[in-house]
Amino acid sequence: MEEKKSKVTLHGMWASPYSKRVEIALKIKGIPYEYVEEDLSNKTETLVQLNPVHKKVPLLVHDGKPVAESQVILDYIDETWKNSPRLLPEDSYERAQVRFWVSYINQQVTEVMGQVLFQEGEAQAKSIEEAKERFKVLEDGLKKDFPNKTIRGNDDVGLLDIIIIATFGSHKVYHEELGLEISLINPVNTPTLYNWIESLKELTVIKEAEVPSDRLVPFLQMYRQMLLQQAANA
Numbered sequence: 001m002e003e004k005k006s007k008v009t010l011h012g013m014w015a016s017p018y019s020k021r022v023e024i025a026l027k028i029k030g031i032p033y034e035y036v037e038e039d040l041s042n043k044t045e046t047l048v049q050l051n052p053v054h055k056k057v058p059l060l061v062h063d064g065k066p067v068a069e070s071q072v073i074l075d076y077i078d079e080t081w082k083n084s085p086r087l088l089p090e091d092s093y094e095r096a097q098v099r100f101w102v103s104y105i106n107q108q109v110t111e112v113m114g115q116v117l118f119q120e121g122e123a124q125a126k127s128i129e130e131a132k133e134r135f136k137v138l139e140d141g142l143k144k145d146f147p148n149k150t151i152r153g154n155d156d157v158g159l160l161d162i163i164i165i166a167t168f169g170s171h172k173v174y175h176e177e178l179g180l181e182i183s184l185i186n187p188v189n190t191p192t193l194y195n196w197i198e199s200l201k202e203l204t205v206i207k208e209a210e211v212p213s214d215r216l217v218p219f220l221q222m223y224r225q226m227l228l229q230q231a232a233n234a
């Protein structure tokens with residue numbers, strides 16, 4: 001009897017690093033899916049109905065069952081599709097280390113990155129210094145806890161790799177194209193993180209999910225100006 005195939009739909013937004021996490025996970029796992037691009041200023045009825053609490057992307061719909069929030073979705077994917085590569089290591093201590101640094105990136109690093117990108121003047125300068133400290137903690141932690149990390153192919157990609165590339169994959173765009181003094185990831189100060197990102201970007205599956213810089217730059221510039229204007233009017 002022919003095995004019934006699951007229907008998987010991802011509601012996302014092209015510039016969202018959280019949507020990108022799920023997209024990469026699906027591709028890494030080899031899971032066929034339909035992608036629905038959401039206009040966050042005019043969300044589809046499906047998104048609002050199936051994610052009534054947050055009404056946000058990403059939203060994964062698996063055989064009609066909705067799963068919301070990127071980290072919850074990633075856990076669901078790994079628990080539902082048990083084929084290789086697994087997103088979390090088999091060893092319990094290694095899993096704990098991965099979860100710790102994923103949590104650190106989510107709670108500490110992304111927060112200060114947002115402050116750097118969407119502030120200016122003295123406030124931005126203060127956030128840059130805070131960001132440097134948090135990136136140093138991350139750099140030292142990755143070097144200590146994953147000293148033998150190698151990335152040769154899709155089977156070497158797990159949860160932490162997905163979080164790293166989706167969060168930091170466009171770091172050169174932020175620095176070079178937006179003209180902001182935020183060269184927080186570089187071969188001198190953060191060699192482990194920098195090389196980790198560069199290795200991931202060599203994978204075909206990551207290249208397929210990469211956001212084009214010529215599209216990302218004007219979007220970020222527009223979004224930055226909008227937030228700065230809102231702050232000025234507050």
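When the letters of the sequence shown are read in order and numbered with full-length UniProt numbering, they come out as residues 1 to 234.
All residues carry an ideal CB built from backbone N, CA and C; glycine is no exception.
Small disclaimer: the values here were computed from a predicted structure and weren't measured.
Exercise. How do the region 96 to 114 and the region 156 to 168 stand: do at least 3 beta-carbon pairs fall below 8 Å, yes or no?
Worked result: yes
Exercise. Can LEU184 and LYS132 be called in contact, C-beta distance under 8 Å?
Worked result: yes
Problem set entry | Through-space distance from GLN124 to LEU227, alpha-carbon basis | C-alpha separation (whole angstroms): 13 Å.
Exercise. Helix, strand or coil: how does DSSP classify GLY121 here?
Worked result: helix
Exercise. Which value, in whole angstroms, describes the spacing of the CA atoms of GLN108 and ILE128?
Worked result: 13 Å
Exercise. Which whole-angstrom value is the C-beta distance of ASP63 and LYS7, which I expect to be below 8 Å?
Worked result: ASP63 to LYS7, Cβ: 6 Å. Contact.
Exercise. Exposed or buried, GLU79, counting other C-beta atoms within 10 Å across all chains shown (16 or more means buried)?
Worked result: exposed
Problem set entry | Length of the line joining the Cα atoms of LEU138 and VAL72 | 23 Å
Problem set entry | GLN225 versus PHE118: straight-line alpha-carbon distance, rounded | 8 Å
Exercise. How many angstroms separate the CA atom of SER170 from the CA atom of PHE219?
Worked result: The straight-line gap from Cα to Cα measures roughly 13 Å.
Exercise. Which residue's Cα is closest to the Cα of PRO58: LYS65, GLU69, PRO52 and GLN49?
Worked result: GLU69
For this session: Taking only the alpha-carbon atoms, compute the straight-line gap between SER84 and TYR76 and give it to the nearest angstrom.
Result: 15 Å
Problem set entry | From MET113, ALA231, LYS207 and LEU216, residue whose alpha carbon lies closest to that of ILE28 | Considering only alpha carbons, the answer is LYS207.
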